[in-house]
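Residue numbers (my numbering): 723 to 962.
Structure below.
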(Lines of atoms letter the chains of each structure in order from A; the text may use other names.)
(Lines give C-alpha, C1' and ligand atoms only; values in the text may rest on other atoms or scores of the structure.)
Protein backbone atom coordinates (compact mmCIF):
# COMPACT_ATOMS: atom_id res chain seq x y z
CA UNK A 723 0.00 0.00 0.00
CA UNK A 724 1.33 3.42 -0.97
CA UNK A 725 2.18 5.64 1.98
CA UNK A 726 -0.15 8.60 2.33
CA UNK A 727 1.54 11.92 1.64
CA UNK A 728 0.50 13.34 5.01
CA UNK A 729 2.34 10.56 6.85
CA UNK A 730 5.68 11.09 5.09
CA UNK A 731 7.01 13.89 7.35
CA UNK A 732 7.02 11.54 10.37
CA UNK A 733 9.53 8.89 11.38
CA UNK A 734 8.74 5.21 10.77
CA UNK A 735 7.79 4.31 14.36
CA UNK A 736 5.46 7.29 14.66
CA UNK A 737 3.86 6.42 11.30
CA UNK A 738 3.41 2.82 12.43
CA UNK A 739 1.55 4.01 15.54
CA UNK A 740 -0.82 6.04 13.41
CA UNK A 741 -1.37 3.20 10.95
CA UNK A 742 -2.11 0.78 13.80
CA UNK A 743 -4.82 3.13 15.03
CA UNK A 744 -6.21 3.41 11.50
CA UNK A 745 -6.31 -0.36 11.07
CA UNK A 746 -7.96 -1.05 14.43
CA UNK A 747 -11.54 -2.36 13.94
CA UNK A 748 -13.92 0.30 15.20
CA UNK A 749 -17.28 1.76 14.23
CA UNK A 750 -16.22 5.12 15.63
CA UNK A 751 -12.56 6.15 15.52
CA UNK A 752 -11.53 9.02 17.79
CA UNK A 753 -8.23 10.90 17.80
CA UNK A 754 -7.47 13.42 20.56
CA UNK A 755 -4.72 16.01 20.17
CA UNK A 756 -3.26 18.41 22.66
CA UNK A 757 -2.66 21.83 21.11
CA UNK A 758 0.15 23.92 22.64
CA UNK A 759 3.52 22.33 21.95
CA UNK A 760 1.84 19.58 19.92
CA UNK A 761 0.20 21.30 16.95
CA UNK A 762 2.38 24.39 17.19
CA UNK A 763 5.44 25.76 18.94
CA UNK A 764 4.88 27.65 22.20
CA UNK A 765 1.60 28.36 24.05
CA UNK A 766 -1.08 30.27 22.17
CA UNK A 767 -3.24 30.62 25.29
CA UNK A 768 -0.44 32.39 27.15
CA UNK A 769 0.26 34.54 24.09
CA UNK A 770 -3.41 35.58 24.02
CA UNK A 771 -3.31 36.33 27.76
CA UNK A 772 -0.28 38.61 27.31
CA UNK A 773 -2.07 40.39 24.47
CA UNK A 774 -5.19 40.88 26.60
CA UNK A 775 -3.11 42.31 29.45
CA UNK A 776 -1.55 44.78 27.03
CA UNK A 777 -4.95 45.78 25.63
CA UNK A 778 -8.49 44.98 26.79
CA UNK A 779 -7.31 43.94 30.28
CA UNK A 780 -4.61 46.59 30.59
CA UNK A 781 -6.22 47.97 33.75
CA UNK A 782 -5.29 44.72 35.53
CA UNK A 783 -1.66 45.10 34.49
CA UNK A 784 -1.70 48.71 35.68
CA UNK A 785 -3.09 47.64 39.05
CA UNK A 786 -0.52 44.83 39.30
CA UNK A 787 2.50 45.27 36.97
CA UNK A 788 3.67 41.76 37.89
CA UNK A 789 0.34 40.09 37.09
CA UNK A 790 1.81 37.82 34.39
CA UNK A 791 4.64 36.75 36.71
CA UNK A 792 2.01 35.92 39.32
CA UNK A 793 0.20 33.81 36.70
CA UNK A 794 3.43 31.89 36.03
CA UNK A 795 3.86 31.35 39.78
CA UNK A 796 0.34 29.89 39.91
CA UNK A 797 1.13 27.49 37.07
CA UNK A 798 4.33 26.32 38.76
CA UNK A 799 2.46 25.62 42.00
CA UNK A 800 -0.60 23.99 40.40
CA UNK A 801 -0.87 23.57 36.64
CA UNK A 802 -4.64 23.19 36.52
CA UNK A 803 -5.42 26.06 38.88
CA UNK A 804 -3.01 28.35 37.03
CA UNK A 805 -4.54 27.62 33.65
CA UNK A 806 -8.01 28.05 35.09
CA UNK A 807 -7.09 31.47 36.48
CA UNK A 808 -5.85 32.55 33.03
CA UNK A 809 -9.42 32.11 31.77
CA UNK A 810 -11.18 33.45 34.86
CA UNK A 811 -9.26 36.71 34.55
CA UNK A 812 -11.24 37.36 31.33
CA UNK A 813 -14.46 37.77 33.34
CA UNK A 814 -16.43 40.82 32.28
CA UNK A 815 -15.38 40.72 28.62
CA UNK A 816 -18.15 40.43 26.00
CA UNK A 817 -17.96 36.98 24.37
CA UNK A 818 -18.47 38.41 20.88
CA UNK A 819 -15.34 40.53 21.34
CA UNK A 820 -13.33 37.60 22.72
CA UNK A 821 -14.33 35.47 19.71
CA UNK A 822 -13.25 38.24 17.31
CA UNK A 823 -9.93 38.78 19.08
CA UNK A 824 -9.29 35.02 19.17
CA UNK A 825 -9.82 34.72 15.41
CA UNK A 826 -7.41 37.58 14.82
CA UNK A 827 -4.85 36.03 17.15
CA UNK A 828 -4.86 32.59 15.52
CA UNK A 829 -4.65 34.21 12.08
CA UNK A 830 -1.47 36.02 13.15
CA UNK A 831 0.01 33.01 15.01
CA UNK A 832 3.20 31.98 13.13
CA UNK A 833 4.10 28.78 14.96
CA UNK A 834 2.00 26.00 13.43
CA UNK A 835 3.64 22.61 12.73
CA UNK A 836 2.59 22.16 9.10
CA UNK A 837 3.17 18.39 9.30
CA UNK A 838 0.69 18.21 12.19
CA UNK A 839 -1.91 20.16 10.22
CA UNK A 840 -1.54 17.60 7.44
CA UNK A 841 -1.94 14.80 9.98
CA UNK A 842 -5.15 16.32 11.36
CA UNK A 843 -6.64 16.63 7.89
CA UNK A 844 -5.46 13.18 6.83
CA UNK A 845 -7.05 11.51 9.84
CA UNK A 846 -10.27 13.46 9.30
CA UNK A 847 -10.40 12.33 5.66
CA UNK A 848 -9.75 8.75 6.86
CA UNK A 849 -12.90 8.80 8.97
CA UNK A 850 -11.55 9.79 12.38
CA UNK A 851 -13.33 12.16 14.72
CA UNK A 852 -10.49 14.56 15.44
CA UNK A 853 -10.75 16.43 18.74
CA UNK A 854 -8.51 19.11 20.23
CA UNK A 855 -8.16 18.70 24.00
CA UNK A 856 -6.33 21.66 25.48
CA UNK A 857 -5.70 23.49 28.75
CA UNK A 858 -5.67 26.81 26.90
CA UNK A 859 -8.76 28.98 26.70
CA UNK A 860 -11.72 27.69 24.75
CA UNK A 861 -12.16 30.67 22.46
CA UNK A 862 -8.63 30.59 21.05
CA UNK A 863 -8.61 26.80 20.61
CA UNK A 864 -12.02 26.85 18.91
CA UNK A 865 -10.83 29.59 16.55
CA UNK A 866 -7.63 27.65 15.82
CA UNK A 867 -9.62 24.50 15.03
CA UNK A 868 -11.78 26.40 12.57
CA UNK A 869 -8.74 27.96 10.92
CA UNK A 870 -7.16 24.50 10.52
CA UNK A 871 -10.29 23.17 8.82
CA UNK A 872 -11.56 21.18 11.81
CA UNK A 873 -14.99 21.20 13.40
CA UNK A 874 -14.77 23.86 16.16
CA UNK A 875 -17.48 21.97 18.06
CA UNK A 876 -14.92 19.18 18.56
CA UNK A 877 -12.75 21.22 20.88
CA UNK A 878 -12.37 20.69 24.61
CA UNK A 879 -10.61 23.57 26.36
CA UNK A 880 -10.90 25.70 29.49
CA UNK A 881 -13.90 27.97 29.53
CA UNK A 882 -16.13 29.85 31.93
CA UNK A 883 -19.89 30.21 31.93
CA UNK A 884 -21.26 33.03 29.80
CA UNK A 885 -24.12 35.12 31.15
CA UNK A 886 -26.05 37.52 28.91
CA UNK A 887 -23.18 37.50 26.42
CA UNK A 888 -20.51 38.29 29.01
CA UNK A 889 -17.81 35.96 30.37
CA UNK A 890 -18.06 35.13 34.08
CA UNK A 891 -15.40 33.72 36.40
CA UNK A 892 -17.30 30.43 36.90
CA UNK A 893 -15.25 27.64 35.36
CA UNK A 894 -17.04 24.92 33.38
CA UNK A 895 -16.06 21.56 34.86
CA UNK A 896 -14.18 19.32 34.41
CA UNK A 897 -11.15 21.47 33.64
CA UNK A 898 -9.27 19.76 30.76
CA UNK A 899 -5.82 19.72 32.32
CA UNK A 900 -3.90 16.69 33.60
CA UNK A 901 -6.43 14.06 34.84
CA UNK A 902 -9.18 16.52 33.93
CA UNK A 903 -8.48 15.81 30.27
CA UNK A 904 -9.60 12.22 30.78
CA UNK A 905 -12.72 13.33 32.66
CA UNK A 906 -13.56 15.87 29.95
CA UNK A 907 -13.09 13.27 27.20
CA UNK A 908 -15.40 10.87 29.02
CA UNK A 909 -18.01 13.61 29.43
CA UNK A 910 -17.86 15.11 25.93
CA UNK A 911 -16.81 12.17 23.74
CA UNK A 912 -17.89 9.18 25.78
CA UNK A 913 -15.23 6.72 24.68
CA UNK A 914 -11.55 5.95 25.01
CA UNK A 915 -9.51 7.60 22.22
CA UNK A 916 -8.09 5.27 19.59
CA UNK A 917 -5.21 7.72 19.25
CA UNK A 918 -3.94 10.48 21.55
CA UNK A 919 -1.07 12.86 20.87
CA UNK A 920 0.60 15.23 23.32
CA UNK A 921 3.86 16.82 24.36
CA UNK A 922 3.75 17.57 28.10
CA UNK A 923 3.04 16.09 31.51
CA UNK A 924 -0.39 17.73 31.38
CA UNK A 925 -1.17 15.25 28.58
CA UNK A 926 0.12 12.14 30.34
CA UNK A 927 -3.23 10.99 31.73
CA UNK A 928 -4.88 11.39 28.31
CA UNK A 929 -2.13 9.37 26.63
CA UNK A 930 -2.30 6.66 29.29
CA UNK A 931 -6.04 6.30 28.69
CA UNK A 932 -5.75 6.02 24.90
CA UNK A 933 -5.33 2.86 22.85
CA UNK A 934 -2.35 4.30 20.96
CA UNK A 935 -0.40 7.11 22.69
CA UNK A 936 2.02 9.20 20.63
CA UNK A 937 4.45 11.83 21.91
CA UNK A 938 5.56 15.05 20.22
CA UNK A 939 8.87 16.63 21.24
CA UNK A 940 11.11 19.56 20.41
CA UNK A 941 14.73 19.20 19.34
CA UNK A 942 15.45 22.04 21.77
CA UNK A 943 13.96 20.06 24.68
CA UNK A 944 15.11 16.49 24.12
CA UNK A 945 15.11 15.83 27.87
CA UNK A 946 11.44 16.80 28.23
CA UNK A 947 9.72 14.61 30.87
CA UNK A 948 7.05 13.20 28.54
CA UNK A 949 9.65 12.18 25.95
CA UNK A 950 11.52 10.33 28.70
CA UNK A 951 8.37 8.63 29.99
CA UNK A 952 7.29 7.74 26.47
CA UNK A 953 10.67 6.17 25.75
CA UNK A 954 10.48 4.12 28.95
CA UNK A 955 7.02 2.86 27.99
CA UNK A 956 7.76 2.22 24.34
CA UNK A 957 5.47 4.95 22.99
CA UNK A 958 6.37 6.23 19.53
CA UNK A 959 7.55 9.84 19.42
CA UNK A 960 8.39 12.46 16.82
CA UNK A 961 10.67 15.43 17.43
CA UNK A 962 10.37 18.67 15.48
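All C-beta atoms in this analysis are idealised placements derived from N, C-alpha and C, irrespective of residue type, glycine included.
Is the region 880-888 in contact with the region 850-864, if contact means three or more CB pairs nearer than 8 angstroms?
Yes, they touch.
Going by alpha carbons, who is nearest to residue 902 out of 941, 885, 923?
It is 923.
Just to confirm, is the Cβ distance from residue 838 to residue 957 under 9 angstroms?
Going by C-beta atoms, residue 838 is not nearer than 9 angstroms to residue 957.
Of the residues 945, 865, 897, the one placed nearest residue 824, counting alpha carbons only
Distances from the CA of residue 824 to each of 945, 865, 897 were compared; the closest alpha carbon is that of 865.
Relative to the C-alpha of residue 874, which residue among 730, 917, 854 is closest?
Closest in C-alpha terms to residue 874, from the list 730, 917, 854, comes 854.
Would you kindly report the start and end of the unbroken alpha helix (DSSP H) that includes residue 736?
Segment 734-745, the alpha helix (DSSP H) holding residue 736.
Any idea what DSSP makes of residue 772, helix, strand or coil?
Helix, per DSSP.
Spatial neighbours of residue 925 in its chain, beta-carbon cut-off 6 angstroms, leaving aside the 5 residues before and after
For residue 925, the CB contacts under 6 angstroms within the same chain, skipping 5 residues up- and downstream, are 756 in chain order.
How long is the line joining the alpha carbons of residue 955 and residue 928, rounded to whole angstroms?
Rounded to the nearest angstrom, the two C-alpha atoms are 15 angstroms apart.
Along the chain, where does the beta strand (DSSP E) containing residue 918 start, and where does it finish?
Membership of residue 918 in the beta strand (DSSP E) is indicated by the continuous run 917-920.
Just tell me which of 797, 747, 917, 900 has its CA closest to the CA of residue 851.
Selected option, being the one with the closest Cα: 917.
Would residue 734 be called buried (16 or more neighbouring beta carbons within 10 Å of its own) or exposed?
That one is exposed.
Can you give, in chain order, each stretch of the alpha helix (DSSP H) that sits fully within the region 825-856 and has at least 4 residues?
Positions of the alpha helix (DSSP H) runs, each at least 4 residues long and wholly inside the region 825-856, are given as 836-847 in order along the chain.
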